[in-house]
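Residue numbers (our numbering): 319 to 886.
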């Protein structure tokens, strides 16, 4: 089969479906998509609120809880432990399939009345009420998309982390601060794309280094400052002169380091032990294309933040023994053959168009069904009845589309329409990667949450905060600090310092932040290039390469071979 050019139903741009794509679609018995890869990714991203939490009541117990859902959603919201319990029956909400109505219309009716869990969590949450999409968090605050975080604050996408603060994409690391994409690190501050390093600050793309400051592309080095080697005594003397315990000197160092970093080549693809990959941030992957942040993946395409998976396409976040997953989000943990699903985990198998169905098997169009089997629209059938009705529904979906507010048609084989998202567009990760104005989002059928900044009675301006943590006493815990970007629409306007946060800054000899969590999180996200591939030339051998790094981000770009020759 040859390449096929199709026109995207959403953005009207042409996109290519390649022969191996058709092979995958044929294997899982779905038609090819009518939306381009970028619009499909955007549609999936819009299903996920990752970092916005609300205080509300549990609709079953009336207990005060924290939730990813605000109080005004159309469906009930239960505290997570209550949701997992047997005190309510998801089958009691089941509805009969109506062959005269578009199936997705019936699904939406069901989705808007089934109770949802307040926060997504695997295992117990020990002293971690503000942790969402986590596994076994302990003493962690405002921690998201993380597995086994302990004593972590303001962490996004971490695994096996301890005492890490204001960081993102952090794995197997301890005592790290303001880091992005690091692994196996200890006591690293302001590091990015760093692995196996310790006791260092302001590093980029360094490996197995210790006691270094302001260094780029170093391997197996010690006592280096801006890539120059010093004796231990000279290094310690210079380090003291930098005054990296003061807020103003850290700001100066950040600007200086960014300029210095751009004098060095960046490899076109950030990849470790991987082959035949395109996209960025790969570890131990093979045959994975147009994908980002993948670990231990074989045979995948259009993936983002997926690990330990095989034979998957159009998949956002999770994995952990996942196979043959298509057009799904927030699914993982020993799952197989999930198509058009959201939030299905713990052995979920053979699901179509399901939302929040942990442990379910052989279900179609179900919501909130825990360990359910042979069910359609939350109504249980025999195995034979299920198989017969499933095929009837697929046939109907191929003939009678759901039509959204923009007039787009959704036949069998398309992910949930944009208007099916439980969240306002600007609450989701989509708004970061694919920013829309309020009018654009509403025009696409999304909801929008207008800013509700509280009139915080701030007690201290950021410019009046102490330069060092040594000058900061416990009275800071009683202050309401004005965010230095309070007029930014993404800012909450003000913030407070918690006791465990203050303890961390004292232990690390770091000054207090000047911006609220939202702004700090967005600054870290902005340190990474966007998920968009462009064509460039290697600045050494002139071959064409595909990369996420623009000329502004990386003035000097090397292909893998030239980078290896230069750095290693």
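Glycine included, each C-beta is placed from N, C-alpha and C at the ideal position.
Same chain, Cβ closer than 7 Å to residue i, five either side skipped, listed in chain order
i, result
"residue 346", "642, 644, 657"
"residue 553", "529, 541, 543"
"residue 701", "692"
"residue 519", "507, 508, 531, 562"
"residue 556", "543, 548"
"residue 382", "373, 375"
"residue 850", "866"
"residue 598", "587, 588, 610, 866"
"residue 820", "794, 795"
Residues near residue i by beta carbon distance below 6 Å, same chain, minus five either side
i, result
"residue 616", "604, 628"
"residue 634", "362, 622, 647"
"residue 612", "600, 603, 606, 621, 624"
"residue 478", "466, 490"
"residue 486", "474, 475, 498, 842"
"residue 459", "448, 471"
"residue 680", "668, 691, 692"
"residue 352", "327"
"residue 464", "452, 473, 476"
Per-residue burial, residue i [other beta carbons within 10 Å of its own, 16 or more giving buried]
i, result
"residue 417", "exposed"
"residue 715", "buried"
"residue 899", "This structure cannot settle anything about residue 899, because the visible part of the chain is limited to 319 through 886."
"residue 761", "exposed"
"residue 456", "buried"
"residue 429", "buried"
"residue 522", "buried"
"residue 329", "exposed"
"residue 803", "buried"
"residue 385", "buried"
"residue 706", "exposed"
"residue 724", "exposed"
"residue 696", "buried"
"residue 400", "buried"
"residue 366", "buried"
"residue 444", "exposed"
"residue 590", "exposed"
"residue 683", "buried"
"residue 618", "buried"
"residue 484", "buried"
"residue 402", "exposed"
"residue 862", "exposed"
"residue 830", "buried"
"residue 745", "buried"
From the options, residue whose alpha carbon lies closest to that of residue i
i, options, result
"residue 813", "822, 792, 772, 825", "772"
"residue 431", "717, 685, 734", "685"
"residue 731", "659, 675, 469, 368", "659"
"residue 837", "487, 496, 412, 415", "496"
"residue 356", "327, 377, 674, 882", "327"
"residue 380", "436, 338, 349, 333", "436"
"residue 886", "687, 537, 337", "537"
"residue 333", "324, 399, 340", "324"
"residue 406", "872, 763, 688, 740", "688"
"residue 810", "769, 708, 320", "769"
"residue 410", "698, 539, 402, 581", "698"
"residue 726", "756, 749, 763", "763"
"residue 450", "440, 462, 442", "462"
"residue 722", "321, 757, 423", "423"
"residue 670", "747, 331, 348", "348"
Sequence-distant residues of its chain with Cβ nearer than 8 Å to residue i (five each side left out)
i, result
"residue 845", "498, 510"
"residue 572", "508, 520"
"residue 626", "613, 614, 615, 637, 638, 639, 640"
"residue 592", "600, 601, 602, 603, 604, 606"
Cβ-heavy atom distance, residue i to the ligand FMN, below 6 Å
i, result
"residue 863", "Absence of the ligand FMN is noted for the structure shown, with no ligands found whatsoever."
Do the segment 793-804 and the segment 765-777 meet, that is, are 3 or more Cβ pairs less than 8 Å apart? yes
Taking the runs of the beta strand (DSSP E) that are 3 residues or longer, which of them lie wholly in the segment 682-762? Along the length of the segment 682-762, whole beta strand (DSSP E) runs at least 3 residues long occupy 691-694, reported in chain order.
Decide yes or no for the touch test of the segment 586-599 against the segment 864-880: beta carbon pairs closer than 8 Å, at least 3 of them. Using a C-beta cut-off of 8 Å, the segment 586-599 makes contact with the segment 864-880, since at least three inter-stretch Cβ pairs fall below that distance.
Pairs of beta-carbons, one from the segment 389-399 and one from the segment 651-667, closer than 8 Å: are there three or more? no
Ignoring anything shorter than 3 residues or poking outside the segment 774-859, list the beta strand (DSSP E) runs there in chain order. 852-855
Between the segment 845-864 and the segment 552-570, are three or more C-beta pairs nearer than 8 Å? Verdict: no, contact absent.
With three or more beta-carbon pairs closer than 8 Å as the criterion, would you say the segment 663-681 touches the segment 366-380? Counting Cβ pairs under 8 Å, fewer than three are found: no touch.
Unbroken stretches of the beta strand (DSSP E), 3 residues or longer, contained in the segment 532-584: 540-543
Segments of 4+ residues assigned as alpha helix (DSSP H) that fall wholly inside the segment 348-382: Listed in chain order, they are 355-363.
Is the segment 731-744 in contact with the segment 344-360, if contact means three or more CB pairs nearer than 8 Å? yes
With three or more C-beta pairs closer than 8 Å as the rule, is the segment 819-831 touching the segment 782-789? yes
Write down every uninterrupted run of the alpha helix (DSSP H) in the segment 641-670 whose length is 4 residues or greater and which is fully enclosed by it, in chain order. List check, alpha helix (DSSP H) in window: nothing returned.
Please list the segments of the beta strand (DSSP E) lying wholly inside the segment 481-508, counting only runs of 3 or more residues, in order along the chain. 483-492, 498-501
Suppose only complete runs of 4+ residues qualify. What are the alpha helix (DSSP H) ranges in the segment 377-429, listed by chain order? Listed in chain order, the alpha helix (DSSP H) elements of length 4 or more contained wholly in the segment 377-429 are 398-402, 421-429.
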